[in-house]
Each structure stands twice: as structure tokens, then as C-alpha cells.
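Notes for the one structure printed next.
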Amino acid sequence: MLGAGRSIESGMTGDSQGHDGSFTGARRMGGLEHEMKDREHPVAEDIQLQRKVWRFQRVGWYVLLAVVVLTLLGLFSRGPLSSLVTVSDQQDLTVQYERFHRSGGSNSMIIRTQGKPDQAVTVLIGSAMLEGFSIDSIQPQPLTSAGTSDGLALTLMADKRGAATLYLSWRSSGVGLFKSEVGIVAGGRIPVTQFIYP
Amino acid sequence: MDAVLRAGAIYLALMVLFKISGRRSLGELTSFDFVLLMVIGEATQQALLGDDFSVTNAVLVIVTLMVIDIGFSLIKRRFKGVAKLIDGGPTIVVENGVFLRHRMHEARIQEDDIMEAARIGQGFERVDQIKYAILERNGKISIIPV
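Chains as they are written, first to last, in this note's numbering: chain A, 797 to 994; chain B, 58 to 203.
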């Protein structure tokens, strides 16, 4: 529906600039000039404006195509550009999350900690994230959860190998850029920057 | 406030998208185009209403859409230039039995489209029976016989 007859386009651009200079080229260029004159009968035309509209449509088609490709790549959440796994400098914290979100949509976040076996570990989720998102679900239920001035402190029990995993589902409620961080009390910190589209 | 912003954003987005897709896209409505339109409507609905399904919200959204639409038609009446920019103008694509191919190419229509309109409207079988074929603002092709 949108891209009919694009193959002769490059040839036509060449003609309108008159690069080839041959007889047929010149004659065809005359044809183009003749065609693109305004007619007054049977309808009054403004062909220059109309050509701008057509050019806008051609450019617009490529813009739409780019939007589709960027969506597949994840610019609007869920894709290679958006999904991210970050490890803290101390290697004790791994956060898997999405960089881009859409207002009202929900996305998951996986927090993995690595510490001493059979010990409680407290994960701190920055307050900025709680302003832009609300927690839809949290698995497993933490031993304790407390609201602090820095954000939300969730205490987990590590297993025999010292690993603990927290699965969170966030629902975006704000719009814009949210700079926050996920950290372990007395441990590594990971800055988490997220953008929520309207 | 939400309802007005949502309706305004959707109205503008749809207007730009339908300008890009061109007049041809809806001029001749096939059953598939019709289905596509309904799907577009479904996709827009959620964004228009958000998670507020109250009667008040629905009425506010409808009122906003109408205000914008009537507003545009008033502006178009007042300023002819704006009308031309938004709706375009009619374009001649066949003149005295000759296809104006550069124009057809840029308008993304083909000989077949014109001949189809000529057959349906006038029962013509050859292009030299056409004095003028005009691509109208609504995307239809009108045929004026020799």
C-alpha cells in the first residue's frame, strides 16, 4: 500500500537534475517540467505544495520503517537495546532489568546476590525507582521489608551456597527519566537508570 | 486533565500517520482496509481511556476529540492555506488521454488504478477516452470523458 513503484525513483531524481545530458534525458526532463506546471482547468492545482506532501509521505514511510526496526531492537522496551544485566564491582550483586518502560506496562527485574552461606542479606532499592514504579509482585516474600529514607530495604535468606534471588515485577506509573540504584547493605551497588515513555 | 491530553495526543498522532499513509490508503475501502481500521481503533482505545473506564472519562475524551476536530475545520475555513496543507488539493493525473507518469509515480498510483476508476465510473476501456482523470482530496479518482 505504501511503497509502490519505488524502483524508478532514483532514475527520476537523476533526470530532474539533468546529469546525463543526453537527448532522451533532456526530453524527459522537459516532460517532468511540463507535468509539474500548475493546471487551472478543470481544477486549480498547487502542484508544488502537492509535491511537498508527496515528499513528506515518502520520508514518512522511512520514518515509520525506522520506528518498527527500533521497536524490534528494543528502544521502546524489551529488546537488545533495553534488556540489561549488570554486575556490581565486587561481583556480589547481579541485576537484570529493562532500561526502557512504557507507562502502565509491567516489566520484571531479577536481583541475584552472592554472599556467605545461610546468612541474611539486605537488598536496598533506591527511592527514585519507587517513585516511578510500583511493585506488582515480589517472589519470594522477603523475611522483612522496611521503608527507609534511601528506599526499600528487603531482607533475604541466602542458600547453602550463599546465593539469593529476588524476582520483582514492576508496573510503571511515572513518566520520564528515573535514576536510582540497587545495592546490598555493606556490599556492592548498581546504578539503575530507567526511562518511562508516556 | 488526563483525558484531554490523551485525546489530543492520539488525535495528532493519528492525523500525522494518516497523512503519511496518504489519501490512497482509505479512498478505496476494501474489506481488508475496513478490518485494518477496526484493529487500529482497538489499539487506540486503551491509550485513549487509560485505566479509567468511567462514563465521565469516556464523555470527556469524546468531547475533546470533537472540539479538536471542529476546531480544525473552523481553522481550515478561515485560512485556506492551512486547509491545503492538511487536505491537499486535487491533482490531474490524466490529461487529454495521456498519463502524467511523473505525477502518478509521486502520488503512488498506477495506470491500473486509473483505468479501474474509468471502468467503474464511465465504462471506458482505453485511456484516450479520458479527457481528465483527477486524484481527488478524498483519494478517489474522478474521470471526465472526452
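For each residue, glycine too, the CB sits at the ideal point set by N, CA and C. Note that the coordinates shown come from a computational prediction; the quantities given were computed from them, not determined experimentally.
Spatial neighbours of Gln892(A) in its own chain (CB-CB distance under 6 Å, excluding positions within 5 residues in sequence) are listed in chain order as Val881, Ile906. The residues Arg160, Ala164, Ile191, Leu192, in chain order, have a CB closer than 8 Å to that of Thr148(B) in the same chain once the five nearest residues on each side in sequence are set aside. Comparing C-alpha distances from Val155(B) to each of Val203(B), Gly65(B), Val116(B), Ser111(B) shows the shortest one belongs to Val203(B).
For His897(A), no alpha helix (DSSP H) run applies; the uninterrupted beta strand (DSSP E) run containing it begins and ends at 896-898, by DSSP. Leu69(B) has its alpha-carbon roughly 16 Å from the corresponding atom of Gln853(A). Boundaries of the beta strand (DSSP E) around Gly979(A): 972-980. The segment 949-969 of chain A and the segment 933-941 of chain A touch, with no fewer than 3 CB-CB distances between them shorter than 8 Å. In the three-state scheme derived from DSSP, where H, G and I count as helix and E and B as strand, Met58(B) is classed as coil. Pairing Arg176(B) with Asp170(B), the inter-Cα distance amounts to about 10 Å. For Lys133(B), the nearest beta carbon of chain A is not closer than 7 Å to its own beta carbon. Counting along the chain, Lys137(B) sits inside no beta strand (DSSP E); it lies in the alpha helix (DSSP H) bounded by residues 137-144. Below the 8 Å Cβ cutoff, chain A contributes Pro838, Val839 as neighbours of Ile191(B), in chain order. Here Val61(B) has Leu117, Thr121 as same chain residues with Cβ atoms under 8 Å from its own Cβ, once five neighbours each way along the sequence are excluded. Taking 4 residues as the shortest admissible run, the segment 912-973 of chain A contains the following complete alpha helix (DSSP H) segments, listed from N- to C-terminal end: 923-928.
When C-beta distances to chain A are compared with 9 Å, the residues of the segment 146-162 of chain B below that value are Gly146, Pro147, Thr148, Ile149, Glu152, Leu157, Arg158, His159, Arg160, Met161, His162, in chain order. Residues Arg194 of the same chain have their beta carbon placed closer than 8 Å to that of Gly146(B), with the five preceding and five following residues left out of the count.
Taking CB atoms only, Gly79(B) has a neighbour in chain A less than 7 Å away. In the three-state DSSP reduction, Ser78(B) falls in the helix class (H, G or I). The three-state secondary structure of Val863(A), taken from DSSP, is helix.
The DSSP-derived three-state label of Glu152(B) is strand.
Note on geometry: alpha-carbon atoms of Ala100(B) and Ala942(A) lie some 40 Å from one another. Per DSSP, Thr101(B) is one residue of the alpha helix (DSSP H) stretching across 88-106. Counted as a single uninterrupted DSSP element, the alpha helix (DSSP H) harbouring Arg158(B) occupies residues 158-164. For Lys197(B), the closest Cβ of chain A is not nearer than 7 Å. Proximity to Gly196(B) across Ile166(B), Asp109(B), Phe110(B) peaks at Ile166(B), based on C-alpha coordinates. Residue pairing by DSSP places Tyr189(B) opposite Glu152(B), Ile201(B) in a beta bridge.
Using beta-carbon distances, Lys137(B) does not count as an interface residue toward chain A, since no partner is under 7 Å. For Leu845(A), no pairing in a beta bridge is given by DSSP. For Ser879(A), the three-state secondary structure derived from DSSP is strand.
For Phe181(B), the secondary structure class from DSSP, reduced to helix, strand or coil, is coil. The beta carbon of Ser945(A) sits closer than 7 Å to none of the beta carbons in its chain outside the five residues before and after it. Residue Ser930(A) holds the alpha-carbon nearest to the alpha-carbon of Gly970(A) among Ser930(A), Val988(A), Arg908(A). Between the C-alpha atoms of Asp834(A) and Val150(B) there is a straight-line separation of about 12 Å.
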